[in-house]
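Residue numbers (this note's numbering): 56 to 308. A quick write-up on the structure given underneath.
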């Protein structure tokens, strides 16, 4: 049985002080991690402080991004080795905003996936879909190609651990959420791609998330879908109350 994974991605929001206030506000309000796992991905500026103030909480403090080399002359980048030594266990790679604003290619994202695994962390791999691709009816090959490229060179044991987030770029931050059918279709295709690359057994273990204007009002319908194992939320994860409601979605069923 796949344990639901409810994750928030803060992006370039909040401050160190606000991050601590957030942790204080949600303390004791998250579900049992044996039933629902929760995570917040935050700026590298906050991570050490958040880890220190998160002791005893089931919340997984995660990184929003990392570089694909462990060290070197890469000014401004975040070392995956340093993240791992800090105690970070999960890293988002391939978010559509990284692809769009920082021109990250499938090859770069694959290198980051390899770097995360090399440092014994778990990648949360985002795969995107543009509205143009959907309108031109080629969205299936787009989603599948990104998953295949991201997992190039990933062995079967690593594949069992990976988390994949299906995030249509047209839905991110737009307030427009994919229909439950569209969200399920994308996640189903991702799972089938994993089965083709590895096996049905691995595909049934991999958790596939949906992201794109997710909030505590629409999460229940999204999470009721067979192939959707969780969500990656943006704006809904910035406020303690909405994140707590999102994390406790099972209580609202």
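Every residue, glycine too, gets a C-beta built ideally from N, C-alpha and C.
Per DSSP, residue i is paired with what?
{"i": "residue 60", "result": "92 and 285"}
{"i": "residue 145", "result": "177"}
{"i": "residue 264", "result": "220 and 285"}
{"i": "residue 118", "result": "97 and 146"}
{"i": "residue 184", "result": "223"}
Considering only residues of the same chain and omitting the five flanking positions on each side of residue i, which have a CB-CB separation below 6 Å?
{"i": "residue 214", "result": "253 and 257"}
{"i": "residue 292", "result": "63 and 298"}
{"i": "residue 99", "result": "133"}
{"i": "residue 77", "result": "295"}
{"i": "residue 57", "result": "262 and 284"}
{"i": "residue 260", "result": "215"}
Assign residue i to one of two classes, buried (16 or more other C-beta atoms within 10 Å of its C-beta) or exposed (fewer than that).
{"i": "residue 192", "result": "exposed"}
{"i": "residue 262", "result": "buried"}
{"i": "residue 106", "result": "exposed"}
{"i": "residue 265", "result": "buried"}
{"i": "residue 130", "result": "exposed"}
{"i": "residue 160", "result": "exposed"}
{"i": "residue 151", "result": "buried"}
{"i": "residue 304", "result": "buried"}
{"i": "residue 255", "result": "exposed"}
{"i": "residue 282", "result": "buried"}
{"i": "residue 239", "result": "buried"}
{"i": "residue 268", "result": "buried"}
{"i": "residue 184", "result": "buried"}
{"i": "residue 224", "result": "buried"}
{"i": "residue 97", "result": "buried"}
{"i": "residue 157", "result": "exposed"}
{"i": "residue 241", "result": "buried"}
Assuming residue i and residue j make a contact with CB atoms under 8 Å, what is their CB distance in whole Å?
{"i": "residue 88", "j": "residue 113", "result": "4 Å"}
{"i": "residue 121", "j": "residue 167", "result": "6 Å"}
{"i": "residue 93", "j": "residue 302", "result": "5 Å"}
{"i": "residue 310", "j": "residue 164", "result": "The requested residue 310 does not occur in the structure, where the chain is confined to residues 56 to 308."}
{"i": "residue 66", "j": "residue 140", "result": "Contact doesn't hold; Cβ gap of about 24 Å is too wide."}
{"i": "residue 116", "j": "residue 95", "result": "6 Å"}
{"i": "residue 235", "j": "residue 277", "result": "6 Å"}
Might you give, ordered along the chain, the residues of its own chain that have their beta carbon closer than 8 Å to the beta carbon of residue i, omitting 5 neighbours on each side?
{"i": "residue 182", "result": "149, 198, 201, 202, 205, 219, 220, 221, 222 and 245"}
{"i": "residue 170", "result": "121, 122, 123, 124, 125 and 135"}
{"i": "residue 71", "result": "100, 101 and 104"}
{"i": "residue 174", "result": "125, 135, 136, 138 and 139"}
{"i": "residue 162", "result": "204"}
Going along the chain, which residues of its own chain have a beta-carbon closer than 7 Å to the beta-carbon of residue i, five neighbours each way excluded?
{"i": "residue 75", "result": "104 and 108"}
{"i": "residue 271", "result": "291, 297, 300 and 301"}
{"i": "residue 250", "result": "258"}
{"i": "residue 211", "result": "253 and 257"}
{"i": "residue 142", "result": "106"}
{"i": "residue 154", "result": "183"}
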